[in-house]
Amino acid sequence: MKAILLKKYGTPYDLTIGKVAKPVPKHNEVLVRVHSASINDWDWGLVRGKPFVIRLFFGLRKPKIQFPGVDISGKIEALGSNVSSFEIGDEIYCDLSDCGLGGFAEYVCVPEKILSKKPSNISYSDASALPHAGVLALQGLVEKGKVRSGQSVLINGAGGGVGTLGIQILKSYGVKVTGVDSDKKLGLMKSLGFDSVMDFKKTEFTATGDKYDLILDAKSNRSVFKYARSLKKNGTYVTVGGSMVRLIEIALMGSLISLFTSKKLSVLILEPNKGLDRISKLAEKGQMKPVIDGPHPFDKIPELIQYFGEGKHLGKIVVEMDE
Ligand SMILES: NC(=O)c1ccc[n+]([C@@H]2O[C@H](COP(=O)([O-])OP(=O)(O)OC[C@H]3O[C@@H](n4cnc5c(N)ncnc54)[C@H](OP(=O)(O)O)[C@@H]3O)[C@@H](O)[C@H]2O)c1
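Structure representation (structure tokens):
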């Protein structure tokens, strides 16, 4: 089968496209023929081995993982002997980030327990854009953020995967949502339903004096005290990603601030696929549709990861495998 191979840390152009043996599912796994995959920040980090913390998980000098790729959708082609909830031919989607990755390949073996059936009314391309970013948004806003009707919410980095899905999750909550991102994403954000938008290069949201009940951050790069000042009394700040130094600061100082004030500041650790059933229901009802950049051909994955890293994309970058 055809696969994208990661042999060393470097740049996305060090990835190669090769032929490898088709995998065989273990007892609790299914063999998926991948139809679509989407590109995530993990792919950008993994190919470069940056930030350094990536190497603590994936190998210090050389990646232990040979096949990258986090988000997939596809069709089940074979079943392990203990698989009971799925059948050959089922259309599925999932996030492979805690089971060895490998989504940028024609086939991948996936544990049954992490799979969800793809909503039948959405395309493979749309489905592959949802698991990682959709679940991050859901866990950040709903599980950890405990969003409630009538609140004022701000999403920082709102024009990316998490923000563009997060706003769709928030629609049923009756909240007022502000989105912060770069100028070129503001039109898209307004079209998705953000009540107000801000260009981070022109306006520093922590300096406007406005305060929010809930802040979801996909790009933490400010001091924890600035975030705390932007929260209302009893407000909550949840970050899903950003600069490593800032994440450590928020994890340490955030818990101290939470101890001594009514404000809660924390870092979300993603539990992959937890809540994907809720994303499926929203997609089935037509209440969640990802913004897609693509679909692009499979062979373009290395340059698309570079394009992702340079922030040139709009929405989720999706690739389709050759038929
Ligand atoms: N917590 C966990 O367990 C976990 C697991 C997986 C991933 N993550 C993290 O979760 C995040 C995923 O977010 P995502 O998929 O939405 O990423 P994304 O698609 O890259 O979106 C981030 C957005 O932030 C914008 N941005 C860049 N600098 C900014 C600034 N200073 N202020 C405001 N916005 C800025 C980006 O614009 P440009 O594109 O123009 O730069 C982009 O639109 C990543 O940080 C990832 O590392 C966390």
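Position one of the sequence shown corresponds to residue 197 (our numbering), numbered consecutively onward. A virtual CB, placed ideally from N, CA and C, is assigned to each residue, including glycine.
Can you round the beta-carbon distance between residue 504 and residue 235 to whole angstroms, since I take them to be within the 8 Å contact cut?
Mapped onto the sequence shown, residue 504 falls at position 308. Mapped onto the sequence shown, residue 235 falls at position 39. With a Cβ gap of about 5 Å, residue 504 and residue 235 count as contacting.
To the nearest angstrom, report how far apart residue 408 and residue 220 are at their CA atoms.
Taking the sequence shown and counting its residues from 1, one reaches residue 408 at position 212. Taking the sequence shown and counting its residues from 1, one reaches residue 220 at position 24. Going from the Cα of residue 408 to the Cα of residue 220 covers about 50 Å.
Anticipated Cβ contact below 8 Å, residue 378 with residue 397, distance rounded
On the sequence shown, position 182 is the one that residue 378 refers to. On the sequence shown, position 201 is the one that residue 397 refers to. Contact between residue 378 and residue 397 holds: CB atoms are separated by about 6 Å, below the 8 Å threshold.
Let me check one thing: in DSSP terms, what residues is residue 461 bridge-paired to?
As a position in the sequence shown, residue 461 is number 265, starting the count at 1. In DSSP, residue 461 forms a bridge with 433.
Select from 237, 365, 388 the residue whose C-alpha is nearest the C-alpha of residue 338.
Within the sequence shown, the letter at position 142 stands for residue 338. Distances from the CA of residue 338 to each of 237, 365, 388 were compared; the closest alpha carbon is that of 365.
Is any heavy atom in ligand 1 found nearer than 7 Å to the beta carbon of residue 424?
On the sequence shown, residue 424 is found 228 positions in, with the first residue counted as 1. No.
For residue 212, the first and last residue of its enclosing beta strand (DSSP E)
The residue you call residue 212 lines up with position 16 of the sequence shown. From DSSP, the beta strand (DSSP E) with residue 212 extends over 212-215.
Which of helix, strand or coil DSSP assigns to residue 449
Within the sequence shown, residue 449 is the residue found at index 253, counting from 1. Helix, per DSSP.
Cβ of residue 382 versus every heavy atom of ligand 1: is any distance shorter than 7 Å?
The residue given as residue 382 occupies position 186 in the sequence shown. Residue 382 Cβ: outside cutoff for every heavy atom of ligand 1.
Close beta carbons around residue 450, own chain, < 6 Å, minus the five adjacent residues each side:
Position 254 of the sequence shown, counted from the first residue, corresponds to residue 450. Correct list, in chain order: 420, 461, 462.
In angstroms with no decimal places, state the Cα-to-Cα distance between residue 401 and residue 394.
Start at 1 with the first residue of the sequence shown, and residue 401 comes out as number 205. Start at 1 with the first residue of the sequence shown, and residue 394 comes out as number 198. Rounded to whole angstroms, residue 401 to residue 394 spans 8 Å at the Cα level.
With a cut-off of 8 Å, do at least 3 Cβ pairs link the region 264-272 to the region 294-309?
Yes, they touch.
To the nearest angstrom, how far is the alpha carbon of residue 216 from that of residue 198?
As a position in the sequence shown, residue 216 is number 20, starting the count at 1. As a position in the sequence shown, residue 198 is number 2, starting the count at 1. A straight line joining the alpha-carbon of residue 216 with that of residue 198 spans about 7 Å.
Name the one or two DSSP bridge partners that residue 155 has.
Because the chain is modelled from 197 through 519, residue 155 falls outside the range shown and cannot be assessed.
Residue 414 beta carbon near ligand 1 (any heavy atom closer than 7 Å):
Indexing the sequence shown from 1 puts residue 414 at position 218. Yes, Cβ of residue 414 sits closer than 7 Å to a heavy atom of ligand 1.
CB-CB length for residue 312 against residue 233, believed under 8 Å
Numbered from 1 along the sequence shown, position 116 holds the residue referred to as residue 312. Numbered from 1 along the sequence shown, position 37 holds the residue referred to as residue 233. Contact between residue 312 and residue 233 is ruled out by a C-beta separation of about 16 Å, above the 8 Å threshold.
In its own chain, which residues sit with a C-beta less than 8 Å from the C-beta of residue 510, not counting the 5 before and 5 after it?
For this step, residue 510 is matched to residue 314 along the sequence shown. Correct list, in chain order: 355, 380, 381, 384, 487, 489.
For residue 368, the three-state DSSP class (helix, strand or coil):
Indexing the sequence shown from 1 puts residue 368 at position 172. Look at residue 368 here: in three-state DSSP terms it is helix.
For residue 466, verify whether its CB is less than 7 Å away from any heavy atom of ligand 1.
Residue 466 sits at position 270 when you count from the first residue of the sequence shown. Yes, the beta carbon of residue 466 sits closer than 7 Å to at least one heavy atom of ligand 1.
What are the start and end residues of each continuous alpha helix (DSSP H) run of 4 or more residues lying completely inside the region 378-424, in chain order?
Complete alpha helix (DSSP H) runs here, min 4: 382-388.
Quick one: Cα of residue 309 to Cα of residue 229, how far?
The sequence position of residue 309 within the sequence shown is 113, counting from 1. The sequence position of residue 229 within the sequence shown is 33, counting from 1. Our two residues, residue 309 and residue 229, have alpha carbons roughly 17 Å apart in a direct line.
Closer than 6 Å by C-beta to residue 406: which residues in its own chain qualify, once you throw out the five before and the five after it? Chain order, please.
In the sequence shown, the residue the question calls residue 406 occupies position 210. If we look at residue 406 and ignore the five residues flanking it on each side, it has no Cβ neighbours.
Starting from residue 477, follow the alpha helix (DSSP H) in both directions and report where the run begins and ends.
Residue 477 sits at position 281 when you count from the first residue of the sequence shown. If you look at residue 477, you'll find it in the alpha helix (DSSP H) that goes 472-480.
State the Cα-Cα distance for the pair residue 515 and residue 498, rounded to the nearest angstrom.
Looking up residue 515 in the sequence shown gives position 319. Looking up residue 498 in the sequence shown gives position 302. Near 11 Å, if we compare the C-alpha coordinates of residue 498 and residue 515.
With respect to the beta strand (DSSP E) encompassing residue 231, which residues constitute its N-terminal and C-terminal limits?
Along the sequence shown, read from residue 1 onward, the residue named residue 231 stands at position 35. Start and end: 225-234.
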